[in-house]
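Working notes, structure below.
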Amino acid sequence: MSNQLTAEPLFFDGGDVLGEGPYWDPERAALLWSDIMDSELHRVDAQGNGHAVTRTDRKVHAIARSAERPWYLCTCHGYGLAWLNADNGKLVPLVNPEPDLPDNLLNDARCDPSGRFWFGSIHKRHDPSGSLYSFDANRKLIRHATGFGASNGIAFSPDGRYLYLADTYTGLYRFVLEEGQPARPELILKADDGYGLPDGLTIDTDGCLWVAMALSAQVARLTPEGKVDRLLKVPATFVTSCTFGGPDLDVLYITTARAGRPPEELAREPHAGALFAAHVGHQGSAEVRYAGVPDADGRSTQ
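Numbering (my numbering), first residue to last: 3 to 304.
Below, the structure is given as structure tokens:
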């Protein structure tokens, strides 16, 4: 198998300003993602059909399904954590873990095998004030680590040994999970170490990471030790995130963006901001639901 692939074909060309947070929902049999700058939640089926857009009154970064459709737990501007009704765009605030840090916002997220929602915060100018948090079914919020400038993609190894976190302008960290708590962080890939800046990511069933390398037009597959063993070329420089989806979880979906890119680059890349898909010969696992549930109207029980 070649160590270099190309993301083909173009899957859905929506011209997102900042496409982010791709999420395969097996119950809907649909891929959801956000165009953050336009405050839009997009949805298509496995063939790229049935496109639907839900507008929200805040910018949504990352989602996790719950047992109560159509509600998702999400990170979003201003509110911090909130319930999101994916059908009508209603947002119901839950908790803001950093009310004293107005230049911080919450970013990428993922549920661990027990259904805890893990997420990180990012400083608008990348000062090292970002943190890594978890939020359990009882709405217990824990800050586990801090000192990150741009907390991004999060993943858990299939064997439960590791948590991975991308700090985009520093690199990719691997934490050892000890009784469910992250410990002994190790920088296993430095940012811009010949491959680009690690952004959103996902993990395959072999325990290897697929990392969107921002501003490098590629997704890198990394071993658990951080060695790059494959590269997937994408026809858009600003690659933002990726996830496995489709009925067999064997399609890698990749979001891209147009935000902040120079006009000459956009002229060369007419599909910047599109959603791409690739069969890469590997599978992912279904995303775990958030273990908590909203009230009937989406409000948290206090």
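The C-beta atom is built at its ideal place from N, Cα and C for all residues, glycine as well.
- Message: Which residue wins for smallest C-alpha separation from A139, given the options A69, V213, G248 and E267?
- Response: A69
- Would you tell me roughly how many angstroms separate the C-alpha atoms of E227 and N90, rounded to the nearest one? 42 angstroms
- Task: Could you tell me if L20 is buried or exposed, where buried requires 16 or more neighbouring beta carbons within 10 angstroms of its beta carbon?
- Result: buried
- Cβ-Cβ distance between T58 and L33 below 8 angstroms: no
- Task: Tell me whether R232 is buried or exposed, calling it buried when 16 or more other Cβ atoms sit within 10 Å of its Cβ.
- Result: buried
- Message: Taking 8 angstroms as the cut-off, does the region 97-117 touch the region 76-84 (at least 3 CB pairs, one atom from each stretch)?
- Response: yes
- Message: Could you check whether S136 and H125 sit closer than 8 angstroms to each other, using their CB atoms as the reference points?
- Response: no
- Message: For S218 and D195, what's the separation of their Cα atoms in angstroms?
- Response: 11 angstroms
- Would a C-beta distance cut-off of 8 angstroms place L254 and A279 closer than the cut-off? yes
- Message: So for G294, helix, strand or coil by DSSP?
- Response: coil
- Query: Is V62 closer than 8 angstroms to L96 when the C-beta atoms are compared?
  - Reply: no
- Task: Could you round the C-beta distance between H128 and Y171 to whole angstroms and report it? I think they count as a contact, below 8 angstroms.
- Result: 5 angstroms
- Item | Whether V236 touches C113 by CB criterion (8 angstroms) | no
- Message: So, for M3: in the same chain, excluding its five sequence neighbours on each side, which residues have a beta-carbon less than 7 angstroms away from its beta-carbon?
- Response: Residue placement at M3 is poorly supported in this model, since its pLDDT is 38, which falls under 50; the coordinates still yield a value, given next. Only G283 meet the Cβ criterion.
- Rounded to a whole number of angstroms, what is the C-alpha to C-alpha distance between A269 and M215? 21 angstroms
- Beta-carbon proximity check, A2 vs A222, cutoff 8 angstroms: The chain is shown from 3 up to 304; residue 2 falls before or after that span and cannot be answered.
- Query: What residues match up with C76 in a beta bridge as DSSP calls it?
  - Reply: I65 and A84
- Query: From the DSSP output, which residues share a beta bridge with K341?
  - Reply: The question about residue 341 has no answer here: the residues shown for the chain are numbered 3 through 304.
- Message: Taking the beta carbon of Q220 as the centre, do at least 16 other beta carbons fall within 10 Å, making it buried, or is it exposed?
- Response: buried
- Message: If you reduce the DSSP assignment to three classes, tell me which class D250 lands in.
- Response: coil
- Query: Which residues in the same chain as T303 place their Cβ atom closer than 7 angstroms to its Cβ, once the five residues preceding and following it in sequence are excluded?
  - Reply: At T303, the pLDDT of 41 sits below 50, so the modelled position is not reliable; the number obtained from the coordinates is stated separately. Same-chain partners within the cutoff: D297.
- Task: Take D102 and list the residues in its own chain whose beta-carbon comes closer than 6 angstroms to its own, dropping the five residues that flank it on each side.
- Result: none
- Query: Given A261, which residues of its chain have a CB within under 8 angstroms of its CB, disregarding the five upstream and five downstream residues?
  - Reply: V19, L20, M39 and F240
- Would you call P99 buried or exposed, if buried means 16 or more other Cβ atoms sit within 10 Å of its Cβ? buried
- Query: Helix, strand or coil: which one does DSSP assign to R60?
  - Reply: coil
- Query: What first and last residue would you give for the alpha helix (DSSP H) that runs through L268?
  - Reply: P265 to R270
- Item | Same chain, Cβ closer than 6 angstroms to I65, neighbours up to 5 away in sequence not counted | Y25, Y74 and C76
- Considering R118, what are the terminal residues of the beta strand (DSSP E) in which it resides? Counting along the chain, R118 falls outside any beta strand (DSSP E), and DSSP gives it neither H nor E.
- Report the residue ranges of all beta strand (DSSP E) runs contained in full by the region 115-157; include only those spanning at least 3 residues, in chain order. 119-125, 132-137 and 143-150
- Message: Is it buried or exposed, S153, if we count other Cβ atoms within 10 angstroms and call 16 or more buried?
- Response: buried
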